[in-house]
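Protein chains: 2
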Amino acid sequence: MSHRIRHTPKAEIESRLERLKPLVEKASLDGAFFHYKIDYFYLSGTMQDAFLYVRPEGEPILFVRRELGRAQRESPLEEIVPIKTFRDIKPFLGPLKRVGMQLDVVPYAMAMKFREILGDVTLVDVSPLTQQLRKYKSPFEISILERAAAISNQVYDAVPDFLREGLREIELGGMLENFAKSLGHEGLLRVRSLNYEAYTWHILSGRTGSIVSQSDSPMGGLGLSPAFPVGASMKKMKRGEPILVDFGISYHGYHVDQTRMYAIGHMPEPFVKAYNVCRDIQYRVLDKALEGMRTADLFMYSKQLAEDAGFGENYLGYGLHKVNFLGHGIGLELAELPFIARTHDYPLEAGMTFAIEPKMVFPNMGACGIENTVLLEPGGYRILTNRDEQITIV
Amino acid sequence: MSHRIRHTPKAEIESRLERLKPLVEKASLDGAFFHYKIDYFYLSGTMQDAFLYVRPEGEPILFVRRELGRAQRESPLEEIVPIKTFRDIKPFLGPLKRVGMQLDVVPYAMAMKFREILGDVTLVDVSPLTQQLRKYKSPFEISILERAAAISNQVYDAVPDFLREGLREIELGGMLENFAKSLGHEGLLRVRSLNYEAYTWHILSGRTGSIVSQSDSPMGGLGLSPAFPVGASMKKMKRGEPILVDFGISYHGYHVDQTRMYAIGHMPEPFVKAYNVCRDIQYRVLDKALEGMRTADLFMYSKQLAEDAGFGENYLGYGLHKVNFLGHGIGLELAELPFIARTHDYPLEAGMTFAIEPKMVFPNMGACGIENTVLLEPGGYRILTNRDEQITIV
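Protein sequences, first through last, are from chains A and B.
Counting with the working numbering, you get residues 194 to 587 for the letters of the first sequence.
Counting with the working numbering, you get residues 194 to 587 for the letters of the second sequence.
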């Protein structure tokens with residue numbers, strides 16, 4: 194396996210900036226600052242300590258605090274300027290009235306510090322602009338997502354090499370993390386949130402699959418302590434209980450998400466039945482997505498399918514703990530546009546990648562479900578995490 | 194080994210809130226909101242999706258979005274109120290003029306949303322208040338830090354079980370992560386930053402030890418891609434090069450930081466010499482800290498020691514890439530108050546825990562150094578990461 198480090202090609206960056214331009218103009222901005230590394234990486238090719246200044250006229254400027262040499266090697270941008278403090282950008286600014294900043298993530302104090310430099314400007318949130326662009330994946334991005342999916346498939350194939358009676362959930366998590374890292378998995382998953390941290394070791398067995406937590410997920414897991422109250426726990430895995438492995442992969446900054454079911458000895462019948470319903474929902478929703486059904490409708494349609502199959506109580510959580518999404522876009526962030534969710538209403542389009550995850554929860558008994566990362570193409574869909582979907586018994 | 198999950202005792206929470214009260218009064222606040230989970234965990238005992246409202250009069254209120262049952266079990270607070278949106282807090286508020294929020298981390302958009310609910314209030318940053326409290330560790334916190342340090346010591350002891358010629362840096366990282374998780378390590382390290390993510394696998398061998406990156410560290414490492422440009426890389430480790438292992442541990446939310454040096458076959462002589470100087474600097478600085486020398490002076494004193502030993506060029510980075518700190522407080526965050534740094538000026542006091550990390554970088558050759566997590570006690574210091582400090586040759 195090769196471990197070539199891939200830089201973002203110049204044509205790729207140029208095309209992204211070209212697509213950004215009309216959005217900046219439409220928002221009547223005199224300039225826009227991208228401070229969040231996910232977004233300035235997308236627009237510049239580097240995640241060095243920097244931020245990008247996009248102007249309606251003239252080339253964008255990448256201001257770099259550290260480390261200049263790497264930023265210059267990684268980014269094909271022409272204008273890369275070293276700075277020590279924010280104040281150093283002053284000479285590069287024209288007269289500004291309406292200024293874009295990533296107000297959904299930039300801390301209040303940082304925005305105020307910037308305003309001090311910029312003067313009395315109106316701040317406009319520009320995170321929706323890059324989120325809009327990032328919905329559509331280019332062939333370059335798809336090639337990286339395919340590699341991430343190949344790593345993910347290998348990890349799920351390897352679970353039977355490690356899983357055995359008495360192994361703790363977190364121990365399996367560590368073993369998979371170890372194996373995945375050897376394949377190029379970057380370890381950290383990225384989400385846009387002040388308090389929620391994504392993690393890879395979401396491994397739930399038996400009753401821990403029915404424990405909810407702070408995360409917006411049908412199944413939070415027990416976790417390791419009140420300070421890490423999600424995901425795999427010290428619980429030992431037993432024969433005859435459902436074992437849900439939901440292990441995200443990141444590769445060259447791109448994520449894929451996948452879930453498969455395992456059991457030691459045998460899988461209890463209700464979970465087999467529920468799992469088959471989840472698979473059925475997945476394919477029926479994908480078919481409807483291809484026909485152009487909108488995301489809110491896809492979500493409601495999936496609920497109806499679960500109810501019709503007799504699993505309305507269990508689908509996407511139970512009781513007061515149901516979640517309102519069935520899928521999430523995926524790319525440089527683990528969860529990004531589009532969302533297949535109650536409150537999102539648009540068609541899914543070719544070039545979009547998303548994770549679809551119909552899951553069922555049974556109080557005190559456990560959880561089951563499937564998840565795949567899918568690419569929509571003109572006239573069809575392609576499951577990138579295309580590993581066998583059968584329940585694996587070890 | 195027991196895996197008992199420890200909740201924060203009621204007396205502990207009460208004492209923290211008691212110490213917070215005069216700080217809130219001194220700041221003339223009509224109320225303060227703690228939205229960042231590190232800080233509301235410290236004040237409430239839970240990291241569920243919530244935030245804490247502290248009033249000058251009356252008990253603090255923990256507003257919980259998800260999950261109420263766990264928050265109630267984990268937190269000894271009396272007033273725990275479920276909410277669906279921010280708006281639901283309105284009936285619980287008195288008349289407010291000066292309101293505390295964690296402006297260093299709360300996103301601008303979130304602060305504005307809050308202001309909409311609170312009316313025309315003056316926002317004051319209250320992060321310095323909890324940072325001030327958190328500098329001093331209680332016996333309960335120290336008992337958790339000791340456990341974290343015991344895990345860390347075991348991990349460093351285990352390196353020779355894994356390290357061999359031709360192993361990639363990231364593979365060693367995965368193996369240590371796997372082993373550490375089986376001991377209770379929680380995997381994610383926490384830092385207060387929009388863009389910098391901490392990670393455990395900071396393993397650098399030979400020339401990768403001299404590669405700098407976006408991180409404020411003498412040695413950034415090569416990392417895995419432009420999207421993860423720090424820490425361990427795919428480089429294979431060779432005989433006769435310095436191998437620096439800097440693998441942070443988190444346990445029940447508390448971190449320890451440690452660095453030890455390894456080599457396959459033999460360690461080149463310049464690195465042996467430089468390493469011994471680092472150890473000497475560590476102990477001399479700790480002695481001066483006990484005598485009451487202030488942090489900025491400790492930093493400058495350590496620079497002088499490095500220069501006197503002939504390593505001024507290499508100490509804490511080389512050329513333009515030197516860093517301006519020798520140590521960082523450690524606890525619920527990997528880096529918190531106090532800092533042994535050029536721009537911090539106060540004495541270190543009993544009850545404080547910090548990591549001290551004298552390190553040397555040699556361009557194109559590599560890096561070496563030591564790091565320990567230390568507790569200051571009345572009249573002495575205790576190295577929590579008290580594993581053997583000799584260079585380990587495998």
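All C-beta atoms, glycine included, are put in the ideal place defined by N, C-alpha and C.
Problem - DSSP three-state assignment for residue 239 of chain A, whether helix, strand or coil - result: Here the question's residue 239 of chain A lines up with position 46 in the first sequence. In this structure, residue 239 of chain A counts as coil in the three-state DSSP scheme.
Handout entry: Contact with chain B by residue 234 of chain A, beta-carbon distance below 8 Å
Key = The residue labelled residue 234 of chain A in the question sits at position 41 within the first sequence. True, the Cβ-Cβ gap to chain B drops below 8 Å.
Handout entry: Any 3 or more C-beta pairs closer than 8 Å across the region 556-563 of chain B and the region 419-428 of chain B
Key = no
Problem - residue 537 of chain A, buried or exposed, once every other Cβ within 10 Å from all chains shown has been counted against 16 - result: One-based indexing of the first sequence puts residue 537 of chain A at position 344. Under this definition residue 537 of chain A is a buried residue.
Practice task
Return helix, strand or coil for residue 203 of chain B, following the three-state DSSP convention.
Solution key: Position 10 of the second sequence, counting from 1, holds the residue named residue 203 of chain B. Correct three-state label for residue 203 of chain B: helix.
Practice task
Output, in chain order, the set of chain B residues within a Cβ distance shorter than 8 Å of residue 246 of chain A.
Solution key: As a first step, residue 246 of chain A is located in the first sequence; it is residue number 53 there, counting from the start. Result: empty, since nearest Cβ-Cβ is about 16 Å, beyond 8 Å.
Exercise for the section: Report, in whole angstroms, the separation of the C-beta atoms of residue 453 of chain B and residue 585 of chain B, which I expect to be a contact under 8 Å. Expected result: Locating residue 453 of chain B in the second sequence gives position 260, counting from the first residue. Locating residue 585 of chain B in the second sequence gives position 392, counting from the first residue. Sure, about 7 Å apart at Cβ, within 8 Å.
Problem - Closest by C-alpha distance to residue 242 of chain B, when choosing among B/278, B/216 and B/219 - result: As a first step, residue 242 of chain B must be located in the second sequence, where it is residue number 49. When each option's Cα is compared against that of residue 242 of chain B, the closest is B/278.
Practice task
Keeping to the same chain, check which residues put their C-beta closer than 6 Å to that of residue 225 of chain A; ignore five residues upstream and five downstream.
Solution key: As a first step, residue 225 of chain A is located in the first sequence; it is residue number 32 there, counting from the start. If we look at residue 225 of chain A and ignore the five residues flanking it on each side, its Cβ neighbours are 217, 247, 293 and 319.
Handout entry: Range of the contiguous beta strand (DSSP E) that encloses residue 520 of chain A
Key = One-based indexing of the first sequence puts residue 520 of chain A at position 327. Residues 518-522.
Exercise for the section: Name the two residues that bound the continuous beta strand (DSSP E) containing residue 452 of chain B. Expected result: Along the second sequence, one-based indexing puts residue 452 of chain B at 259. Here the beta strand (DSSP E) through residue 452 of chain B covers 452-456.
Handout entry: Extent of the continuous alpha helix (DSSP H) run through residue 404 of chain B
Key = Translated into the one-based positions of the second sequence, residue 404 of chain B becomes position 211. In the DSSP assignment, residue 404 of chain B falls outside any alpha helix (DSSP H), carrying neither H nor E.
Practice task
Have a look at residue 434 of chain B and residue 507 of chain B and give me their C-alpha separation to the nearest angstrom.
Solution key: Counting from 1 along the second sequence, the entry for residue 434 of chain B is found at position 241. Counting from 1 along the second sequence, the entry for residue 507 of chain B is found at position 314. Answer to the nearest angstrom: the Cα atoms are 17 Å apart.
Practice task
Whole angstroms is fine: what's the gap from residue 535 of chain A's alpha carbon to residue 494 of chain A's?
Solution key: By 1-based counting over the first sequence, the position of residue 535 of chain A is 342. By 1-based counting over the first sequence, the position of residue 494 of chain A is 301. Cα to Cα, residue 535 of chain A sits roughly 11 Å from residue 494 of chain A.
Problem - Assigned exposure category for residue 350 of chain B - 16 Cβ within 10 Å defines buried - result: To locate residue 350 of chain B, count along the second sequence from 1; it is residue 157. Exposed is the call here.
Exercise for the section: Output yes if chain B places a C-beta closer than 8 Å to the C-beta of residue 594 of chain A; else output no. Expected result: The question about residue 594 of chain A has no answer here: the residues shown for chain A are numbered 194 through 587.
Problem - Contact set for residue 472 of chain B: own chain, Cβ-Cβ below 7 Å, skip 5 residues either direction - result: As a position in the second sequence, residue 472 of chain B is number 279, starting the count at 1. These residues qualify, in order along the chain: 563 and 582.
Handout entry: Cβ of residue 259 of chain B within 8 Å of any chain A Cβ
Key = Looking up residue 259 of chain B in the second sequence gives position 66. Chain A contact via Cβ: present.
Exercise for the section: Would you verify that the beta carbon of residue 419 of chain A is, or is not, closer than 8 Å to some beta carbon of chain B? Expected result: Working through the first sequence from its first residue, we reach residue 419 of chain A at position 226. Interface residue, yes.
Practice task
Going by DSSP, name the residue or residues bridged to residue 294 of chain B.
Solution key: Taking the second sequence and counting its residues from 1, one reaches residue 294 of chain B at position 101. DSSP output for residue 294 of chain B lists B/318 as bridge partner(s).
Problem - Residues of its chain near residue 487 of chain A, where Cβ-Cβ distance is below 7 Å and the 5 sequence neighbours each way are ignored - result: Counting from one through the first sequence, the residue named residue 487 of chain A turns up at place 294. The residues are 538, 539 and 540.
Problem - Exposure label - residue 459 of chain A; buried when at least 16 CB within 10 Å - result: Position 266 of the first sequence, counted from the start, is the residue given in the question as residue 459 of chain A. So residue 459 of chain A counts as exposed.
Practice task
Compare the beta carbon distance of residue 587 of chain A and residue 442 of chain A with 8 Å and say whether it is the shorter of the two.
Solution key: Taking the first sequence and counting its residues from 1, one reaches residue 587 of chain A at position 394. Taking the first sequence and counting its residues from 1, one reaches residue 442 of chain A at position 249. No, Cβ-Cβ distance for residue 587 of chain A and residue 442 of chain A is not below 8 Å.
Exercise for the section: Run down chain B in chain order and give the residues with a C-beta less than 8 Å from the C-beta of residue 461 of chain A. Expected result: As a first step, residue 461 of chain A is located in the first sequence; it is residue number 268 there, counting from the start. Result: empty, since nearest Cβ-Cβ is about 26 Å, beyond 8 Å.
Problem - Environment of residue 196 of chain A [buried if 16+ CB atoms lie within 10 Å] - result: Here residue 196 of chain A refers to the residue found at position 3 of the first sequence. Exposed is the call here.
Problem - Close Cβ partners of residue 474 of chain A (< 7 Å) along its chain, the five nearest in sequence each way excluded - result: The sequence position of residue 474 of chain A within the first sequence is 281, counting from 1. Excluding residues within five positions, the ones whose Cβ falls inside 7 Å are 495, 498, 499 and 551.
Practice task
Output, in chain order, the set of chain A residues within a Cβ distance shorter than 8 Å of residue 336 of chain B.
Solution key: Here residue 336 of chain B is taken as the residue at index 143 of the second sequence, counted from 1. None at all; the shortest Cβ gap to chain A is about 13 Å.
Practice task
For chain A, find out if any of its Cβ atoms is closer than 8 Å to the Cβ of residue 371 of chain B; answer yes or no.
Solution key: Here the question's residue 371 of chain B lines up with position 178 in the second sequence. Yes - at least one Cβ of chain A is within 8 Å of the one on residue 371 of chain B.
Handout entry: Given residue 444 of chain A as reference, the closest of A/334, A/203 and A/223 once Cα atoms are compared
Key = As a working note, residue 444 of chain A is residue 251 in the first sequence. Cα-wise, what sits closest to residue 444 of chain A is A/334.
Exercise for the section: Could you please give the first and the last residue of the uninterrupted alpha helix (DSSP H) stretch that includes residue 424 of chain A? Expected result: Mapped onto the first sequence, residue 424 of chain A falls at position 231. That residue, residue 424 of chain A, is in no alpha helix (DSSP H); it is neither H nor E in DSSP.
Problem - Cβ-based neighbour list, residue 221 of chain A, same chain, cut-off 8 Å, excluding 5 preceding and 5 following - result: Residue numbering aside, residue 221 of chain A sits at position 28 when the first sequence is read from its first letter. Within the same chain, residue 221 of chain A has close Cβ partners 291.
Exercise for the section: Compare the beta carbon distance of residue 327 of chain B and residue 524 of chain B with 8 Å and say whether it is the shorter of the two. Expected result: Reading the second sequence from its first residue, position 134 is the one you call residue 327 of chain B. Reading the second sequence from its first residue, position 331 is the one you call residue 524 of chain B. Closer than 8 Å, so yes.
Handout entry: Close-in-space but distant-in-sequence residues of the same chain around residue 304 of chain A (CB under 8 Å, 5 per side omitted)
Key = Counting from one through the first sequence, the residue named residue 304 of chain A turns up at place 111. Cβ within range, chain order: 294, 296 and 316.
Exercise for the section: Taking residue 430 of chain A as the reference, give the member of A/391, A/357, A/369 and A/198 with the closest Cα. Expected result: On the first sequence, residue 430 of chain A is found 237 positions in, with the first residue counted as 1. The residue with the shortest Cα to Cα distance from residue 430 of chain A is A/357.
Exercise for the section: Specify the secondary structure class of residue 194 of chain A as computed by DSSP and reduced to three states. Expected result: Taking the first sequence and counting its residues from 1, the one referred to as residue 194 of chain A is at position 1. Unreliable placement is indicated for residue 194 of chain A, whose pLDDT of 48 sits below 50; the coordinate value is still reported in the next sentence. Correct three-state label for residue 194 of chain A: coil.
Problem - Residue burial classification, residue 207 of chain B (beta-carbon count within 10 angstroms, cutoff 16) - result: For this step, residue 207 of chain B is matched to residue 14 along the second sequence. So residue 207 of chain B ends up on the exposed side.
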